[in-house]
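In my numbering, the protein residues as written are 9 to 316.
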């Protein structure tokens, strides 16, 4: 599995390419943020989180840690919403916004297309210091069209986001959690097929490739090992609403990336073009892999069974 190399200085938990597992020492080395440190970070910079319910759990952990009042707005249907930290306990403006926009490929007319046109969404991107997105989970399911299409759509989505962001802002990819597919799917055969371990590994590899395949991506935050052995703690194989240790650990990984920068930084990777060319060869080899591309030919009415 082509996973990320761990570049873990004391200040950051941003991960970029090899195939190594995250050691217990590395997990424990992630800086744990105190409430006052989170508030200082959110006072100094604006962090915009864009993604699915996993990102929502992470954003909620940050809000619970440091923000008293979270304002909401609705756009594009019940799922097209955001919350923003207006004030923390000291009365200072908190620079955190979350937008529920979970797929990279969103066709015109889809419920998530409207939120991308909302003035607040556009304004958030234009004024952000750090943007973090977590595509993949929905793209493997409801709208799965194969691994190659996912790579192309994700590259295009990054370009689209970058066009609205300040040139000095950082853009991070939050990787996929470990998906405990048998817990998620129960007896739903198609659901399990759409979340085969090899398929999840391939999608995770696409996300890990972005820092060296797209010049607009600052880094990849690998959180898969945080949830590697937590299947007993999740009711559906992916969410941890009642078990706060998981999103809190992911929160610290995100804050290590977003709050510890002295300025916009790019992870330095030797031979970036060569690494991307190598990844593209792997991508081509996956094109005929039925397990990696599972769910692509399922009828629309059934394909929703893949959606987590």
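The beta-carbon is built from N, C-alpha and C at its ideal position, and this holds for glycine as well.
Does DSSP classify residue i as helix, strand or coil?
{"i": "residue 123", "result": "helix"}
{"i": "residue 180", "result": "strand"}
{"i": "residue 113", "result": "coil"}
{"i": "residue 139", "result": "strand"}
{"i": "residue 299", "result": "coil"}
{"i": "residue 38", "result": "coil"}
{"i": "residue 130", "result": "helix"}
{"i": "residue 282", "result": "helix"}
{"i": "residue 144", "result": "coil"}
{"i": "residue 59", "result": "strand"}
{"i": "residue 187", "result": "coil"}
{"i": "residue 44", "result": "helix"}
Express the C-alpha separation of residue j and residue i in angstroms, rounding to a whole number.
{"i": "residue 131", "j": "residue 48", "result": "22 Å"}
{"i": "residue 267", "j": "residue 68", "result": "17 Å"}
{"i": "residue 142", "j": "residue 286", "result": "23 Å"}
{"i": "residue 190", "j": "residue 43", "result": "37 Å"}
{"i": "residue 136", "j": "residue 61", "result": "21 Å"}
{"i": "residue 175", "j": "residue 265", "result": "18 Å"}
{"i": "residue 112", "j": "residue 240", "result": "30 Å"}
{"i": "residue 193", "j": "residue 244", "result": "8 Å"}
{"i": "residue 173", "j": "residue 216", "result": "21 Å"}
{"i": "residue 291", "j": "residue 203", "result": "18 Å"}
{"i": "residue 109", "j": "residue 233", "result": "24 Å"}
{"i": "residue 259", "j": "residue 139", "result": "14 Å"}
{"i": "residue 134", "j": "residue 118", "result": "23 Å"}
{"i": "residue 163", "j": "residue 214", "result": "10 Å"}
{"i": "residue 58", "j": "residue 179", "result": "11 Å"}
{"i": "residue 237", "j": "residue 71", "result": "26 Å"}
{"i": "residue 282", "j": "residue 161", "result": "21 Å"}
{"i": "residue 158", "j": "residue 104", "result": "28 Å"}
{"i": "residue 171", "j": "residue 177", "result": "11 Å"}
{"i": "residue 223", "j": "residue 289", "result": "19 Å"}
{"i": "residue 205", "j": "residue 51", "result": "40 Å"}
{"i": "residue 182", "j": "residue 128", "result": "22 Å"}
{"i": "residue 66", "j": "residue 106", "result": "10 Å"}
{"i": "residue 75", "j": "residue 64", "result": "15 Å"}
{"i": "residue 55", "j": "residue 116", "result": "27 Å"}
{"i": "residue 41", "j": "residue 167", "result": "31 Å"}
CB-CB under 7 Å to residue i, same chain, minus the five flanking residues each way: which ones, in chain order?
{"i": "residue 296", "result": "none"}
{"i": "residue 185", "result": "62, 231, 232, 235, 246"}
{"i": "residue 38", "result": "21, 260, 261, 264"}
{"i": "residue 53", "result": "103, 137, 138"}
Under 6 Å Cβ to Cβ from residue i, same chain only, skipping five residues before and after it: list those, please.
{"i": "residue 211", "result": "144, 148"}
{"i": "residue 73", "result": "43, 46"}
{"i": "residue 208", "result": "187"}
{"i": "residue 242", "result": "248"}
{"i": "residue 169", "result": "none"}
{"i": "residue 294", "result": "155, 210, 300"}
{"i": "residue 165", "result": "112"}
{"i": "residue 200", "result": "189, 193"}
Could you pull out every residue in the same chain whose Cβ sits closer than 8 Å to the Cβ of residue i, ignoring the five residues on either side in sequence?
{"i": "residue 284", "result": "217, 220, 221"}
{"i": "residue 114", "result": "120, 121, 124"}
| In chain order, each alpha helix (DSSP H) run of at least 4 residues that lies wholly inside the segment 203–275 | The segment 203–275 is shown to contain whole alpha helix (DSSP H) runs of 4 or more residues at 205–221, 253–267, in chain order.
| Counting Cβ pairs, one atom from each stretch, are 3 or more of them under 8 Å apart for the segment 292–301 and the segment 152–160? | yes
| Segment contact flag, the segment 245–256 with the segment 215–228, C-beta cutoff 8 Å, min 3 pairs | no
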